[in-house]
Amino acid sequence: MSNKSKRDPIHENHSNNHLTNDEESSNRFDEKGEARNDGEINRDTKTDDKYSSYKSDRKREYDSRSYKYDDANNGDNYRSSKSHRDRYREMNPKYRDDRNYKSRESRNYSRSPSRDRRRSNRRSDRSKSRERNKDRNKDRPLENTNQGSKNTDEDKNIAPEVEPPKRKLVPISVEDLIMQKKNSEEQLKPVFLSKEERQRLAIEKRKNMVEKQKLVQKAELEQTQKILKIFESGNKQNSRSDYSRSKSRYRRRSSSRSASPTISREESRKLDMEKRSKEMEMKAIRERYIGGEKIKRKVRKMNDKNFVFDWDAKEDTSQDYNSIYNSRHEPQFFGRGHIAGFDVKEQMAKKSRFYSQLLSERRTKEEISRAKELENIIRKKEAKTKWDDRHWSEKPLAEMKERDWRIFKEDFNISCKGGSIPNPIRSWDETDLPKDIKSVIKKVGYDKPTPIQRQAIPIGLQNRDIIGVAETGSGKTASFLIPMLVYIIGLPKINETNMQDGPYAIILAPTRELALQIEQETLKFSKLLNFTCVSIVGGHSIDEQAFALRNGAEIIIATPGRLKDCIDRRIIVLNQTTYIVMDEADRMIDMGFEEDVNFILDALPSTHLKPDSQDAEDASKMLQSQSGSSLRYRQTTMFSATMPPLVERLARKYLRRPAIVTIGTAGQAVDTVLQKVEFIASIERKRLRLVELLSEDYNPPVIIFVNLKKTADSLSKLLSSDGHISVVLHGGKSQEQREAALAKLKSGDADLLIATDVAGRGIDVKDVSLVINFDMAKSIEDYTHRIGRTGRAGKQGVAISFLTNEDSDVFYDLRKMIEKSSISKCPMELIQHEASQAPPGVIRTKRRYEETLYKE
């Protein structure tokens, strides 16, 4: 056998190239036999730079030697080759990463401690130098380790790349500057965009924003997943690399070579925050559905209480155990009936008399007079602030104090706004009304003034503008009628010389029925005072109304549309009209009379307007006649049950510093009306329930409200066949038919009135015991005025409403109104209805007990 054949395979590899084909092929595959990519091969070549240099040196050394082994010396040469093989495998990463490879430290070689210490120092120095070289070679191009030192010689011959010359900076030209300025100016100019373009741009902007948010969320998710994957793979590599190492020799080297991820402090903080936020979110969800832990109150021990040194009579328990303390000892009185015979008050009086006598002897006359004045002032102050337990009804008017007037307003639920508002009236006898009007009030039968009359009449007598907000059936007609009659009494009578200038006062009403009712109330006063009152409403011939105005009139009651026609036709002029009343102003605006009202008020003479200053609140200046005329300043009065924004705008335009009088709450029903609600699904059931209600003990007249004309006619036929006498009132009837229907109801010839919302406002039929809303009103204001037909003038009434699911828009306001009433009770079906929980158009968040946790 030749020496060449006996040679160690590792030495044969060194005698040939640096790496054989088998080793080259093994570099392209990993430990599992899977193919490795070029990046991994390059990383191995980069890691083995130092190993390649060491290999080339050893190759030159082996080439210079002659490997001729004899049979006798074969064992010694094998031992030397074995130690060389160990060093070779320690420097080769292929063998170093192999788990089955045992390092020399794990082998049992007998070495001295000093030798091991020197070797460990050298190893640490080599590892440090490797790490430094690795940092230096990061930016260098990777070299192929198979070519050895040849590649380095070839790289030296490569000529360095020549960098292109840098471009010379040239200043911008004047033309370019001008063009840039023009472009910037054009960009600053506003561009008109249509509504569709603005909507399209807004939608695109929103889409881009949503896409950006999605991309950011996706990037964050990918980043977290990537970090987690790197973290998991790094842990596996660490565990695999550390498994094949022994003690601390290669631990630092393996950690530097391993691909363990380096997570920055900021990223770890983000991961912790995300984890913490998820935990908090899950905790909140658990508390939402399951309920949180109840915090137990800390029970305070009896020993922790601070001792109270004050004695309390309730803590005396001696009377429970000792009979002596049950009957307390009373001191004996003697002398003047005082304890121990001493009167403390008398002793104090003696002292005060002594000091007063001493001061009077020493004071001068001026000081004595000054002291008396101070005593009088103190006495007067005490009289004003002196507490008086008497009720305001037991006191005369002169003894009424500010506190009494405040209690008086609270009793009648009166609230006022504005400056210099006079006190309300307590009775008709205490007012400054003329004797003629007082006698008329007694003849008409007004025993006591209503709350709105108590406050509105004193303000109206001062010639001030008024806004009256009161519930229906509160006596608003007399509250503006009495001041108007007092105002007209102070003016010259209408005769042939001034009747062509028009009336003194105008009363505007939204409907014909309300205008005729106001006319009836006004005639009660005007006949006794010799005033002419004329009504101008639609449905009658305009020629007949012009004939009624031929001799003039002090008061005209009209609807806005017919009065505007008379002004346009020159039938009437308003040259001397200085008193204007707008009754049910909110209803007039709702019915579309805003333009007509503005036309009428603009037709009034502007010379009689009040100044928009503090003088408009001064009663003495407002009651004076204007210079060169017997007329006073114009007085405008507006009464309404509600105050919508359109009515407020009208008041701001034509009223000057008005006094606002509110009785109760705006839009609230009368407290004397018992409101009932019934849920009925179909019309047939409604009709059956209506017949049942009318068969009960309800005294006529009864008013039934519907929303449609055909419903009113069909109900009239149904009730007439059942034996009831009914009349119908709606927009399809002529004026004569309307007046005849109301006359039958008031006279008692008919016991039922079936009407639409035309009769919902202002119709004053006495002693209406029952109001039935066969069809629920479309708004809560119409409902308020419907049920206001009963319970008038302090009498009790009942209002019953039939509800269906189609009336859900009114459920919320209806529930609030019934709950505010002191005598009405809201049914549970209305309280628990979904539409009554929030106003229409508002999305209500469900409460905790309303949520459904699980539903199969």
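Straight run, no breaks: the sequence shown in full-length UniProt numbering ends on number 856.
Cβ coordinates follow ideal geometry from the N, Cα and C atoms, glycine included.
Because the structure is a prediction, the values reported are computed rather than measured.
Taking Cβ positions, are residue i and residue j nearer each other than 8 Å?
i    : j    : result
Q545 : I536 : yes
K401 : F639 : no
I780 : L752 : no
L693 : I787 : no
A603 : Q462 : no
I557 : I507 : yes
R510 : M622 : Looking at the sequence itself, residue 510 is Pro, so the reference to Arg does not match. Not a contact, by the Cβ cut-off of 8 Å.
L529 : D432 : no
P644 : D596 : no
S415 : T662 : yes
T578 : Q635 : yes
I542 : D565 : yes
F599 : V706 : no
P422 : P458 : yes
E430 : L397 : yes
V469 : P434 : no
V691 : D722 : yes
S356 : I368 : no
N575 : M499 : no
T267 : I230 : In the sequence under discussion, the amino acid at residue 267 is Glu, which differs from the Thr named in the question. No, the pair does not count as a contact, with Cβ atoms beyond the cut-off.
G664 : E819 : no
Under the DSSP definition of a beta bridge, which residues are partnered with residue i?
i    : result
T662 : S415 and V469
L753 : I703 and V727
C533 : I555
M638 : I467 and M582
V673 : G797
I680 : Partner(s): none; I680 has no beta bridge.
I772 : I704 and I800
Which same chain residues, not among the five before or five after residue i, have their C-beta less than 6 Å away from its C-beta?
i    : result
A553 : P503, T532 and V534
F412 : P451
I754 : I704, A712, L715, S716, S726 and V728
K150 : Legend: pLDDT at K150 = 44, less than 50; position of this residue unreliable, value from coordinates given subsequently. Contacts found: none.
Whose C-beta lies closer than 7 Å to the C-beta of residue i among residues of the same chain, with five residues either side of it excluded?
i           : result
G841        : none
R789        : I703, I763, V765, V768 and V771
R562        : I536, V537 and G538
K746        : V765
P839        : Y812
I441        : W428
L646        : I589 and E594
residue 862 : For the chain, the structure presents residues 1 to 856; residue 862 sits outside this window and is missing.
To which residues of the same chain is residue i closer than 8 Å at the C-beta, ignoring the five residues directly before and after it?
i    : result
Q624 : R632
V810 : M776, A777, K778, S779, I780 and Y783
K156 : Note that K156 scores a pLDDT of 45, beneath 50, so its modelled location is shaky and nothing firm can be said.
If you scan the region 470-518 from start to end, which runs of the beta strand (DSSP E) of 3 or more residues do you find wholly inside it?
Within the region 470-518, the complete beta strand (DSSP E) segments of 3 residues or longer fall at 505-508, listed in chain order.
Secondary structure, beta strand (DSSP E): runs of 3+ residues fully inside the region 783-828
Counting only runs that start and end inside the region 783-828, the beta strand (DSSP E) elements of at least 3 residues fall at 797-803.
For the region 720-734 and the region 794-803, state whether three or more C-beta atom pairs, one from each stretch, are separated by less than 8 Å.
Contact between the region 720-734 and the region 794-803 is absent, because fewer than three Cβ pairs lie under 8 Å.
Assess, as a yes-or-no matter, whether the region 657-664 is touched by the region 463-470 under the definition of 3 or more beta carbon pairs within less than 8 Å.
The region 463-470 vs the region 657-664: in contact.
So, do the region 636-652 and the region 580-598 have three or more beta carbon pairs nearer to each other than 8 Å?
Segments in contact, yes.
Beta strand (DSSP E) runs contained entirely in the region 344-426, provided each spans 3 or more residues
414-417, all fully within the region 344-426.
Assess, as a yes-or-no matter, whether the region 418-431 is touched by the region 391-408 under the definition of 3 or more beta carbon pairs within less than 8 Å.
Under the three-pair Cβ rule at 8 Å, the region 391-408 counts as touching the region 418-431.
May I ask you to verify whether the region 675-694 touches the region 810-827, counting CB pairs closer than 8 Å and requiring at least 3?
At 8 Å Cβ cutoff, the stretches touch.
Where are the alpha helix (DSSP H) runs, 4 residues long or more, that stay fully inside the UniProt domain "DEAD-box RNA helicase Q" (426-454), in chain order?
Listed in chain order, the complete alpha helix (DSSP H) runs (minimum 4 residues) inside the UniProt domain "DEAD-box RNA helicase Q" (426-454) are 435-444.
Uninterrupted alpha helix (DSSP H) stretches inside the region 159-237 (no shorter than 4 residues):
Complete alpha helix (DSSP H) runs here, min 4: 174-188.
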